[in-house]
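Q:
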Amino acid sequence: MASKPKTDKEKLKQISVRGIAQVEDVTTIKKSFNRHLHYTLVKDRNVATQRDYYIALAHTVRDHLVSRWIRTQQYYYENDPKRVYYLSLEYYIGRTLSNTMVNLGIQSQCDEALYQLGLNIEELEEMEDDAGLGNGGLGRLAACFLDSMATLGLAAYGYGLRYDYGIFSQKIKDGHQHEEPDDWLRYGNPWEKARPEYMIPINFYGNTKHKDGKVAWVNTQVVFAMPYDSPTPGYKNNTVNSMRLWSAKSPNSFNLTFFNDGDYVEAVLDRNHAENISRVLYPNDNVVEGKELRLKQEYFMVAATLQDVVRRFKSSKFGCRDPVRTDFSAFPDKVALQLNDTHPALAIPELLRVFVDVENLEWGKYKNLCPRLDLVVRTWHTPITLLPKPDRSLHRLLPRHLEIIYEINSRHLIEVAKKYPEDPDRMRRMSIVEEEHGKKINMAFLSIVGAHVVNGVAEIHSNLLKSRVFKDFFEMMPEKFQNKTNGITPRRWLLLCNPGLTDVIAEVIGEDWTTDLSLLAELKKYANTTNFIQSVQRVKQENKMKLAQYLQKHHNITLNTASMFDIQVKRIHEYKRQLLNCLHMILLYNRIKRDPSASFVARTIMIGGKAAPGYYMAKQIIYLVNCIARVVNNDPIIGDKLKIVFLENYRVSLAEKVIPACDLSEQISLAGTEASGTGNMKFMLNGGLTIGTLDGANVEMRDEMGEENIFIFGMTVEEVEQRKHGYNPRDYYEKNSELKQAIDQIQGGFFCPNEPEAFKDIVNSLLYHDTYMLLADFESYVEAQERVSELFKDREAWAKKCIMNIASSGKFSSDRTITQYAREIWGVEPNTIKLPAPHETPQDK
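Quick look at the structure:
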């Protein structure tokens, strides 16, 4: 049956969807670009630099955001919805320009406008510094969540710290990691708007005074929190939410006494000391950090945020200056607060302090800490990871909060004693206040007691929280525990970073999957279609060539693009087991050396990631990778069969190039150690096959795609627990000749002849400690890698599995995660309402 002829309007809509720019839009953008070059930057084309052009383009794009941003906030005031506040000490945002153009749907117009002006949009995009305000997965997850909250039309706000220096810039010199400051604000940030009118005082130190049932926190030191707002646009729905980051400002510019005496250095010391709070991101997200500055950062962020939240709650429509809402019993109905892990857990006692000490609410009114009855508990929600939580000592810095936590703990332990009168030891195990080695606060326990819901971020992780990590709490309050598997935004991690694959998908199933990733399941129908298979193969090869060109240009590394791109990119940490990958590299090298004429599937193994500056073993792992690379890559017998590459300064913008080019994704952490992972989802969505353990979200990925489309190896969580008792890594070392040879080469200085004992600590760790049981999983890992190589020989069969991976990615959208949070925890409903565009009236919409 012949299809119905398209009308001119339908044809125009189709052209617009396919990204062909309209003439009038291009003309407008060119005018705006030139206006900003002249009037914002005070430059003309004769003297303007590439960075000037980038900033002019950024302002041009921001112009499209501003009206939408203002209208969104007006809409929230008019309708007074329940607002969601997401508190995170990390936001790994990456670059904003390209993401904003994609979400506004103006990428092709900007591209064409700049082309007509003789400029290359890709070169300008490269001028933008990554906003690296996070260490890794935790911060990147927060950025994905903000994108999804805006796309789903939720009245949501992200709160965090505006670090002067983000995650350090990693330089590799002689194989070693060196850290350099990430001065991402050096040239300013065109996306943010300072809001000095909302500057907030934050108190530290001092003491408390109790009188007539009231408590005063006195003799404090004050630091001001200065807010900077950045827009977070939803995808083509004209919703623009806000991310508010706080910067520390001294209450005094300088001490006049010192200044007048001529001691200029001392005059500004107090100011610098205060502003150090937001100076730098702590480059360590996994190891407990007990320094006072980190605690200051945590409290500074939550105190400023909660004052802002309460101010907004008390204000009427359109932000009337006279507060009209004073009934705080409605607070949980209008406010949902979420902590990104337990780092901001001080928000719980801080909110109580604001209610009791500032707003003069009676403890008695809200003293019942049972779920859904207590005012604070009903407001808070906390996802929790598996790694150790920092235990805090607060008595000096936050004396009032310590008193409040003692009060919370006292009431909590009364409930424990009531429920388990014959188990006194349970009170010790469940106490928020730990008495051993001095009193400290267990922030994870505080987060559980002070929230109405806590959740894991993958099914296996949630089960471990209930059965092991917080077993006592789950037994007492099972209704508090949920699972919400993490997700990623498909806008940045497919639409933006992999336009070739986006076009191939759109040609067969359309574009609705960009806001409903489950629609990718339709691709399963095309997994055996020759044309579609060839298109996917072509895009993958193009992406590999683009990455190879980038690495050649920036790092002088030549890659064999016909080889398998075997990639492991994540924070360098022992539990993520980059060392297992290293042992496999050495095994492959030795096999080629033994029989150079044997058939061998060529591989390019890439490892990328940063080691925390104080994490000695992680730095040693980086050095080992680079030493192995130096030997392998310069061995003429090896040639193009095996290449080892360490990806220097891995970050979001580099991930956007690496992930689409990946053939094999390494997700090889010890089962039971990774909470979820989101890198695994990004590779899956872009057609990279996974070799991994049954850890984190790998388990659910396998369930979605089928075991035949993923390479699973290693012990299960249960097997890990069984083997831990009496585990002797030397047994595996002695039994496996290839493993023994690899470790002996590391120990004997084969890869570092000038420093034969450089890796003695790594070897000692493997042979005598092996906390993460690499040697126990080694043989299974090698067998799985052999299956990988065998499949890669059949490129069509490999491509079919890639398609099945892409088609099975629907569950791992952050839109799905946020929808579940909204409905099942926050008590709000996502909506598909498209707000009027700046040029539309509500009647036109």
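Just so we're aligned: 696 in the numbering used here is position 716 of the sequence shown, and the numbers increase by one with no gaps anywhere. Beta carbons: idealized from backbone N, C-alpha and C, even for Gly. All figures in this text were calculated on a predicted structure; none of them were measured in a lab.
Tell me the DSSP secondary structure of F204 in three-state form.
A: Walking along the sequence shown from the start, residue 204 turns up at place 224. If DSSP states are grouped into helix, strand and coil, F204 belongs with the strands.
Q: Can you have a look at I9 and say buried or exposed, based on whether 16 or more other CB atoms are within 10 angstroms of its CB?
A: Within the sequence shown, residue 9 is the residue found at index 29, counting from 1. With 16 or more other Cβ atoms within 10 Å, it is buried.
Q: Which residues in the same chain have their Cβ closer than 8 angstroms to the Cβ of R409, if we skip the five residues on either side of it in sequence?
A: Taking the sequence shown and counting its residues from 1, one reaches residue 409 at position 429. Same-chain partners within the cutoff: D452.
Q: Pick from P231, N83, L97 and Y55: whose alpha carbon is nearest that of L134?
A: If you number the sequence shown from 1, residue 134 lands on position 154. Answer by Cα proximity: Y55.
Q: I587 bridges to which residues according to DSSP?
A: Against the sequence shown, residue 587 aligns to sequence position 607. According to DSSP, I587 bridges with Q548 and F626.
Q: To the nearest whole angstrom, what separates the beta carbons of V260 and Y143, a pair I think is in contact under 8 angstroms?
A: Within the sequence shown, residue 260 is the residue found at index 280, counting from 1. Within the sequence shown, residue 143 is the residue found at index 163, counting from 1. Going by Cβ atoms, the distance from V260 to Y143 rounds to 6 angstroms, so yes, they are a contact pair.
Q: Which value, in whole angstroms, describes the spacing of the CA atoms of L531 and V605?
A: Looking up residue 531 in the sequence shown gives position 551. Looking up residue 605 in the sequence shown gives position 625. Between L531 and V605, the C-alpha separation is close to 17 angstroms.
Q: What separation, rounded to the nearest whole angstrom, lies between the Cα atoms of G676 and Q702?
A: As a working mapping, residue 676 is identified with position 696 in the sequence shown. As a working mapping, residue 702 is identified with position 722 in the sequence shown. If I take the Cα positions, the gap works out to 19 angstroms.
Q: Could you please give me the residues that DSSP links to I640 through a beta bridge?
A: The residue you call residue 640 lines up with position 660 of the sequence shown. Just to set this straight, residue 640 is Pro in the shown sequence, not Ile. The partner list for P640 (beta bridge, DSSP) is empty, contrary to what the question assumes.
Q: With a CB to CB cut of under 7 angstroms and the five nearest residues on each side skipped, what residues in its chain are close to Y386?
A: As a position in the sequence shown, residue 386 is number 406, starting the count at 1. Here the set comprises V413.
Q: For I182, which residues does DSSP report across the bridge?
A: Translated into the one-based positions of the sequence shown, residue 182 becomes position 202. Looking at the DSSP assignment, I182 forms a beta bridge with V203.
Q: Which residues in the same chain as I384 place their Cβ atom closer than 7 angstroms to its Cβ, once the five residues preceding and following it in sequence are excluded?
A: On the sequence shown, position 404 is the one that residue 384 refers to. These residues qualify, in order along the chain: P329, L332 and R333.
Q: Using a 10 Å radius around the Cβ and a threshold of 16 neighbouring Cβ atoms, would you call S793 buried or exposed?
A: For the purposes of this step, residue 793 is taken as the residue at position 813 of the sequence shown. It counts as buried.
Q: If the criterion is Cβ atoms closer than 7 angstroms, does the pair L121 and G138 meet it?
A: The residue given as residue 121 occupies position 141 in the sequence shown. The residue given as residue 138 occupies position 158 in the sequence shown. Cβ atoms of L121 and G138: not closer than 7 angstroms.
Q: For E160, which option in M685, G168 and G146 has the closest C-alpha, if you only look at C-alpha atoms?
A: On the sequence shown, position 180 is the one that residue 160 refers to. The residue with the shortest Cα to Cα distance from E160 is G146.
Q: Please go through the same chain and pick out, in chain order, the residues whose beta-carbon is closer than 7 angstroms to the beta-carbon of V282, but skip the five residues on each side of it.
A: Locating residue 282 in the sequence shown gives position 302, counting from the first residue. Same-chain partners within the cutoff: L67, P324, L326, A327 and E330.
Q: Out of Q89, V679 and G418, point me to the one whose CA is closest to V3's CA.
A: The residue given as residue 3 occupies position 23 in the sequence shown. Cα-wise, what sits closest to V3 is Q89.
Q: Taking the continuous alpha helix (DSSP H) assigned at Q727, which residues delimit it?
A: Stepping through the sequence shown from its first residue, residue 727 is reached at position 747. Start and end: S717 to G728.
Q: Just to confirm the assignment, what range does the alpha helix (DSSP H) spanning A130 have?
A: Within the sequence shown, residue 130 is the residue found at index 150, counting from 1. From DSSP, the alpha helix (DSSP H) with A130 extends over G117 to T131.
Q: For V433, write down the residues that DSSP places opposite it in a beta bridge.
A: By one-based count along the sequence shown, residue 433 stands at place 453. According to DSSP, which records beta bridges pairwise, V433 is partnered with H361.
Q: Candidates A254, L21 and L563: which alpha carbon is nearest K229's?
A: Translated into the one-based positions of the sequence shown, residue 229 becomes position 249. Of the candidates A254, L21 and L563, the one whose C-alpha sits nearest the C-alpha of K229 is A254.
Q: F461 by DSSP, collapsed to three states: which one?
A: Working through the sequence shown from its first residue, we reach residue 461 at position 481. Looking at F461 - three-state DSSP - the assignment turns out to be strand.
Q: I'd like to know whether the C-beta atoms of L84 and H44 end up nearer to each other than 7 angstroms.
A: For the purposes of this step, residue 84 is taken as residue 104 along the sequence shown, with counting starting at 1. For the purposes of this step, residue 44 is taken as residue 64 along the sequence shown, with counting starting at 1. Yes. Within cutoff.
Q: Report the residue from E718, L567, N59 and I601 whose alpha carbon sits nearest the alpha carbon of I618.
A: For the purposes of this step, residue 618 is taken as residue 638 along the sequence shown, with counting starting at 1. The option with the nearest alpha carbon to I618 is L567.
Q: Alpha carbon to alpha carbon, what distance is there between L622 and R274?
A: Locating residue 274 in the sequence shown gives position 294, where the first residue counts as 1. Locating residue 622 in the sequence shown gives position 642, where the first residue counts as 1. Roughly 43 angstroms separates the two Cα atoms.
Q: Helix, strand or coil: which one does DSSP assign to N266?
A: Start at 1 with the first residue of the sequence shown, and residue 266 comes out as number 286. Residue placement at N266 is flagged as unreliable, the pLDDT there being 45, under the threshold of 50; a coordinate-derived value is accordingly withheld.
Q: Hey, V611 and F731 are a contact pair by Cβ (cut 8 angstroms); roughly how many whole angstroms apart?
A: As a working note, residue 611 is residue 631 in the sequence shown. As a working note, residue 731 is residue 751 in the sequence shown. That pair is a contact at about 5 angstroms.
Q: When the Cβ atoms of the segment 423 to 443 are set against those of the segment 356 to 365, are three or more pairs found closer than 8 angstroms?
A: Contact holds: three or more Cβ-Cβ distances are below 8 angstroms.
Q: Look at the Cβ atom of I180, then the Cβ atom of A205, and state whether they are nearer than 7 angstroms.
A: Counted from its first residue, the sequence shown places residue 180 at position 200. Counted from its first residue, the sequence shown places residue 205 at position 225. Cβ distance < 7 angstroms, so I180 and A205 count as in contact.
Q: Please report the Cβ distance between R471 and Y65, rounded to the nearest whole angstrom; I am assuming they are in contact, meaning their Cβ atoms lie under 8 angstroms.
A: Position 491 of the sequence shown, counting from 1, holds the residue named residue 471. Position 85 of the sequence shown, counting from 1, holds the residue named residue 65. With a Cβ gap of about 23 angstroms, R471 and Y65 do not count as contacting.
Q: Compare the Cα-Cα distances from S309 to each of P263, V357 and Y262 and report the closest residue.
A: In the sequence shown, residue 309 corresponds to position 329, counting from 1. For S309, the nearest C-alpha among the options comes from V357.
Q: Compare the Cα-Cα distances from L165 to each of P810, Q150, I35 and A111 and report the closest residue.
A: Here residue 165 refers to the residue found at position 185 of the sequence shown. Comparing Cα positions, the closest option is A111.
Q: Which residue from T219, N785 and A431 puts its Cα closest to that of L503?
A: Sequence index remark: in the sequence shown, residue 503 carries index 523 (1-based). Taking only the C-alpha atoms, the option nearest L503 is N785.
Q: Contact defined as beta carbons within less than 8 angstroms: I believe T673 pairs with S649. What is the distance between those atoms, to the nearest angstrom?
A: Here the question's residue 673 lines up with position 693 in the sequence shown. Here the question's residue 649 lines up with position 669 in the sequence shown. With 8 angstroms as the limit, T673 and S649 qualify as a contact, their Cβ atoms being about 6 angstroms apart.
Q: For the beta strand (DSSP E) containing T188, name the first residue and the last one.
A: Counting from one through the sequence shown, the residue named residue 188 turns up at place 208. From DSSP, the beta strand (DSSP E) with T188 extends over N187 to K191.
Q: Select from E102, C562, E522 and V437 the residue whose C-alpha is nearest the C-alpha of A598.
A: If you number the sequence shown from 1, residue 598 lands on position 618. Among E102, C562, E522 and V437, the Cα nearest to that of A598 is on C562.
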